[in-house]
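Working notes, structure below.
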Amino acid sequence: MSAKTVNQRAWWLVLPVVVLVGFNAVIPLMTVVNYSVQETFGNNRFFFEGVKWFSEVVHSGRFHDSLKRQLIFTAIILAIEIPLGVAIALAMPRKGFWASVCLVLMSMPLLIPWNVVGAMWNIFALPDIGLLGWTLNKLGLDYNYTRQPFAAWVTLIAMDVWHWTSLVALLAYAGLSAIPDAYYQAAKIDGASGWAVLRYVQLPKLKHVLTIAVLLRFMDSFMIYTEPVVLTGGGPGNATTLLSIDLVKVALGQFDLGPAAAMSLIYFLIILLLSWLFYRVMTLGEED
Amino acid sequence: MARIRLEKLRHSYVAAPARDADWALKDLDVQWDDGGAYALLGPSGCGKTTLLNIVSGLLRPTSGRVRFGDEDVTDRAPDQRNIAQVFQFPVVYDTMSVYDNLAFPLRNRGVPEAEVDPRVREIAALLDLDAMLAQRAAGLTADGKQKISLGRGLVRSDVNVIMFDEPLTVIDPHLKWRLRSKLKELHQRIGLTMIYVTHDQTEAMTFADQVVVMHEGAVVQIGSPVELFERPRHTFVGHFIGSPGMNILPCEVRDGVARFAGMAVPTANRAAGVASGARTEIGVRPEFVRFADQGIPVRVVRVADAGRHRIVETRHSDSVIRVLLGEHQAVPAHTAHLAFDPAFTQLYADGWLAGEAR
Amino acid sequence: MHRLKWLVPALYVAFLMLPIYWLLAMSFKTTNEILGGFTLWPQNFTLENYRKIFTDKTWYMGYVNSLTYVVMNTVLSITVALPAAYAFSRYRFLGDKHLFFWLLSNRMAPAAVFALPFFQLYSAIGLFDTHIAVALAHCLFNIPLAVWILEGFMSGVPKELDELAFIDGYPFWKFFLRIFLPAIAAGVGVAAFFCFMFSWVELLLAKTLTSVEAKPIAATMTRTASTSGYELGLLAAAGALTMVPGAFVIYFVRNYIAKGFSLGRV
């Protein structure tokens with residue numbers, strides 16, 4: 004593709020976006036930073052404490068544990084949802100009645116408020132009254148996610164895959180639709196097999212869209228809160244206490260906003276760093 | 009090597025075509041000889057891409073047959089027809105190098121690596137791509153990518169026909185002529201049949217030996233560029249080709265002679281035999297109209313400067329007649345008389361050249 | 038092997054529909070039945086949950102309110118995102134790469150972090166408890182998403198196309214509407230759906246910024262968890278109904294997302 008032209012006036016096109024997003028971002032961020040470096044003993048009096056909270060958080064064993072759990076969770080999620088979503092998009096009909104049916108049905112899980120998702124899976128997976136739990140136990144498996152950490156993890160992951168794979172699939176499907184017919188026609192004339200078309204036409208053209216899907220799923224799964232809280236409450240014990248759940252526990256449990264604010268910022272920085280890494284890796288080799 | 013024949017080709021994109029307008033291609037019978045350079049010329053929507061895709065096998069015609077030589081290839085897939093196609097937007101495999109792009113069609117057909125290499129290099133040299141063989145195809149400019157597309161067609165030794173679907177559309181204007189000359193040069197060197205679809209008459213006229221002019225799904229005229237220019241069979245051809253197009257003037261026919269503005273206008277074709285009630289018109293190109301002392305009286309309305317010549321717009325009552333003048337010829341001030349060169353003035357009845365079999 | 042291709046989406050959809058069936062089943066049961074034991078379908082079929090929602094003003098207004106600010110936000114987000122995405126896709130300008138990444142960074146903090154500051158901010162400018170407040174607040178995460186998605190699709194359209202139209206004398210707005218937008222239709226469709234979806238399900242900010250006038254359905258639903266214990270049947274019915282507007286949206290944009298348009302003739 005030919006190079007982009009340099010044009011500073013393009014800033015005018017971007018200005019509305021900057022204003023709307025910046026308005027919502029900058030001011031609250033300043034507030035959080037403010038809290039993170041102060042200590043209070045009540046009565047709205049704050050004392051500047053510098054990096055005390057940050058250092059406490061970083062050295063806390065509890066923080067390390069929930070961070071570890073979070074990393075494992077996100078890694079599993081990405082490993083399942085990205086390939087699965089792409090595979091579904093590739094297998095779905097390109098157009099027509101069944102394509103519409105697929106699209107509508109696939110988008111249903113995405114539209115349910117997250118607390119309802121958590122609540123419905125909570126009941127769904129219960130061993131005595133839920134469809135899934137009851138069926139699994141009837142089949143001979145000893146399954147109880149409220150008591151068994153492994154079962155809790157499996158249920159949590161199943162719920163997330165159920166909930167969010169469609170996002171990846173929809174993005175990939177739209178990306179595939181945007182590939183001009185000429186590419187498929189040329190491949191036919193070139194005698195390319197189905198695998199060659201996948202490898203040399205479809206997947207390269209999906210790269211942009213996949214980058215977005217990976218980043219989105221990474222960030223959202225790293226920050227996930229409502230669904231696991233409603234499903235397991237972080238349990239049994241601490242088994243499914245992911246990072247954000249831990250953060251809220253800290254925030255509610257303490258008197259000070261300091262530790263929670265500091266933890267929020269560290270949290271944000273971790274996501275920022277990892278996203279940036281993902282982004283760089285996935286856009287390697289792209290000319291400007 | 010093959011002669012291409014299209015027999016009674018009709019195509020509709022609609023499942024149950026009812027009206028005339030539902031048919032993208034209406035009853036075509038065309039023959040292309042081996043090794044020629046042909047153009048399919050016509051405005052957007054006239055069916056030329058449909059026709060191209062039927063010849064290449066990307067589309068199955070609703071009815072009719074396609075023959076390459078003696079074989080009926082209507083049911084064959086594109087990769088079994090020994091054709092290559094270059095599309096409107098450059099199609100390259102972004103992740104592969106230029107070399108791998110060119111080698112792709114050969115490798116897919118199981119050609120041994122030892123034969124692939126010399127062939128790829130030969131074609132790359134032909135297309136001036138040899139310096140870029142190791143580069144990633146995605147990094148090339150549009151004309152470079154189109155050359156790769158072309159190269160993928162040339163690299164196969166079994167290709168008989170190369171089809172071009174408006175290939176210069178996204179090329180920079182000042183590079184267009186370079187690529188066009190390259191295509192012409194290639195044709196002369198390799199001698200493959202080339203079919204070139206375009207809506208740009210300059211491209212068609214400079215590239216092709218024979219031009220097929222299409223309009224609304226039907227072939228209007230097939231002929232060399234000179235024939236199309238000097239003797240258009242249909243007013244559409246006269247109007248579409250040439251810049252500016254042919255002057256088309258309503259006339260009446262009396263005693264076997266065409267009459268316009270009360271005067272007899274001698275025409276190259278005979279006016280006898282024109283059905284009564286037909287819409288009769290005179291067609292004459294601005295190149296063949298000149299100012300004279302006697303003739304059709306007109307008012308000079310406007311002069312447009314087109315560089316090496318000028319286009320003078322004149323009017324006689326409601327009719328507009330354009331005259332092409334050289335740089336140094338004088339333009340009359342207000343009123344003048346026009347004379348038409350009889351050898352290049354034609355009479356048309358209902359749009360078609362009078363006296364010709366359709 | 039290719040014949041069985043349809044099995045993949047079929048199995049996936051079946052997998053998706055199981056919990057949804059369960060949700061629907063729960064919506065027609067009483068909370069007692071749900072918690073009492075396992076029943077595959079409602080033994081005591083009841084429409085009480087739905088009746089409550091359709092007759093209780095706080096419930097159905099919740100849907101109306103949500104729909105209002107979500108539509109506002111979707112339209113706003115897509116409208117401002119289009120020119121910005123075009124700029125990112127076609128031009129290089131000072132700070133463009135950093136700006137692009139900064140946009141995405143706004144999705145990297147949990148909404149909880151913004152809840153209190155947003156509450157203070159929007160109250161300070163007098164927009165508390167309005168639809169526009171929530172619509173604006175959701176711009177924080179929806180606009181970056183829209184810009185990223187649209188830019189991705191726009192980059193798939195060759196830049197030569199823009200120049201071609203320019204040479205042919207097309208005014209820019211005509212080129213944009215008649216040629217460019219159809220070429221990226223899939224991107225617009227999916228971006229619009231995602232903006233709708235993320236705004237629709239966003240709980241915390243919507244709850245924080247509203248109280249009565251613009252109270253969204255999400256807030257009303259969390260109420261069921263607190264007042265009279267956990268009214269599961271009601272929650273299930275409300276949840277089932279939340280799928281309906283979104284289904285319309287995806288149905289509406291389906292032709293843009295599926296192979297309705299492609300880079301056609303110029």
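Chains as they are written, first to last, in the working numbering: chain Y, 4 to 291; chain V, 9 to 366; chain Z, 38 to 303. Where a beta carbon is used, it is the ideal one built from N, C-alpha and C, also for glycine. Given the structure is predicted, the values throughout are model-derived calculations rather than measurements.
Short CB-CB distance (under 7 Å) between Z/E197 and chain V: With 7 Å as the cut-off, Z/E197 counts as an interface residue toward chain V.
Which residues, in chain order, does the stretch 177-193 of chain V contribute to contact with chain Z at a C-beta distance below 9 Å? Against chain Z - using a Cβ distance shorter than 9 Å - the residues of the stretch 177-193 of chain V are T177, V178, I179, D180, P181.
Can you tell me whether V/L135 is buried or exposed? The criterion is at least 16 other CB atoms within 10 Å of its CB, across all chains shown. Classification for V/L135: buried.
If we count the other Cβ atoms within 10 Å of its Cβ and call it buried at 16 or more, is V/Q39 buried or exposed? Classification for V/Q39: exposed.
Is the beta carbon of Y/A264 less than 7 Å from the beta carbon of Z/N143? Contact: no.
From V/T243 to V/E15, what distance separates their C-alpha atoms? C-alpha separation (whole angstroms): 25 Å.
Taking a cut of 7 Å between CB atoms, which residues from the stretch 142-158 of chain V lie near chain Z? Against chain Z - using a Cβ distance shorter than 7 Å - the residues of the stretch 142-158 of chain V are A150.
Rounded to whole angstroms, what's the CA-CA distance from Z/K42 to Y/A94? Just pull it up for me. Rounded to whole angstroms, Z/K42 to Y/A94 spans 6 Å at the Cα level.
For Y/K191, return the contacting residues in chain V, with the cut-off set at a CB-CB distance below 9 Å. Result: G65, L66, A85, P86, D87.
In this structure, does DSSP put V/R323 in helix, strand or coil? Strand at V/R323.
Skipping 5 residues on each side, what residues in its chain have a beta carbon closer than 8 Å to that of Y/V157? Here the set comprises Y148.
Environment of Z/L113 [buried if 16+ CB atoms lie within 10 Å]: Under this definition Z/L113 is a buried residue.
If we call anything under 7 Å between Cβ atoms a contact, is V/A226 one with V/V282? In this structure, V/A226 lies away from V/V282, with their beta-carbon atoms at least 7 Å apart.
Between Y/T8 and chain Z, is any beta-carbon pair separated by less than 7 Å? Closer than 7 Å to the CB of Y/T8 there is at least one CB belonging to chain Z.
Are the C-beta atoms of V/V99 and some chain Y residue less than 7 Å apart? Yes, contact with chain Y.
Separation of Y/P183 from V/V205, as counted between CA atoms: Distance between V/V205 and Y/P183, taken at the CA atoms: about 19 Å.
Does the contact criterion of 3 or more C-beta pairs under 8 Å hold for the stretch 61-74 of chain V versus the stretch 226-235 of chain V? The stretch 61-74 of chain V is not in contact with the stretch 226-235 of chain V.
Enumerate in chain order the residues of its own chain whose CB-to-CB distance from V/D80 is below 8 Å, with the five nearest sequence positions on each side excluded. Excluding residues within five positions, the ones whose Cβ falls inside 8 Å are R73, V74.
Could you list which residues in chain C have their beta carbon closer than 9 Å to that of Z/L201, in chain order? Within the model displayed, chain C is absent; protein chains Y, V and Z are what it includes.
Contacts around Z/S265, its chain only, beta-carbon distance under 7 Å, and the 5 residues preceding and following it disregarded: Caution is warranted here: a pLDDT of 47 is assigned to Z/S265, below 50, making its placement in the model unreliable, and the coordinate value is therefore given only provisionally. So no residue of the chain qualifies.
Are there three or more Cβ pairs, one per stretch, closer than 8 Å when the stretch 106-118 of chain Y is compared with the stretch 181-198 of chain Y? Segments in contact, no.
Report the option in Z/A124, Z/L153, Z/K89, Z/F190 whose CA atom is closest to the CA atom of Y/T2. Nothing about residue 2 of chain Y can be reported from this structure: the residues present for chain Y run from 4 to 291 only.
Against chain Y, with Cβ distances strictly below 7 Å, would V/D125 count as a contact? Against chain Y, the CB of V/D125 has no partner CB under 7 Å away; the residue lies outside that interface.
With a threshold of 7 Å between beta carbons, is Z/A256 in contact with chain Y? At a cut-off of 7 Å, the C-beta of Z/A256 has no neighbouring C-beta in chain Y.
Is the beta carbon of Y/F271 less than 7 Å from the beta carbon of Z/A146? Their beta carbons are under 7 Å apart, which means Y/F271 touches Z/A146 by this criterion.
For V/Y21 and V/A338, the rounded distance between their alpha carbons: For the pair V/A338 and V/Y21, the Cα-to-Cα distance works out to about 53 Å.
The stretch 183-201 of chain Z / the stretch 243-262 of chain Z touching (three or more Cβ pairs under 8 Å): Result no; under three Cβ-Cβ pairs closer than 8 Å.
Output yes if chain Y places a C-beta closer than 7 Å to the C-beta of V/N116; else output no. It does: the Cβ of V/N116 has a partner Cβ on chain Y nearer than 7 Å.
Leaving out five residues before and five after V/I256 in sequence, what residues of the same chain have Cβ atoms less than 8 Å from its Cβ? A distance below 8 Å between beta-carbons, with the five flanking residues on each side excluded, links V/I256 to the following residues of its chain, in chain order: T243, G246, H247, E289, I290, G291, Y356.
Delimiting residues of the beta strand (DSSP E) encompassing V/I170: V/I170 -> beta strand (DSSP E) spans 169-173.
Under three-state DSSP, which class holds V/V163? Coil, per DSSP.
Since V/E289 sits in a beta bridge, which residues does DSSP pair it with? Residue pairing for V/E289: DSSP places it in a beta bridge opposite V/P258, V/Y356.
Let me know the secondary structure DSSP gives V/P350 once reduced to three states. Three-state result, V/P350: helix.
Interface residues of chain Y around Z/R215 at Cβ under 8 Å? In chain Y, no part has a C-beta under 8 Å from the C-beta of Z/R215; the shortest such distance is about 17 Å.
State yes or no: is the C-beta of V/S157 within less than 7 Å of the C-beta of V/V99? Using a Cβ distance threshold of 7 Å, V/S157 and V/V99 count as a contacting pair.
Compare the Cα-Cα distances from V/G315 to each of V/A216, V/S251, V/A347 and report the closest residue. Closest in alpha carbon position to V/G315, among V/A216, V/S251, V/A347, is V/S251.
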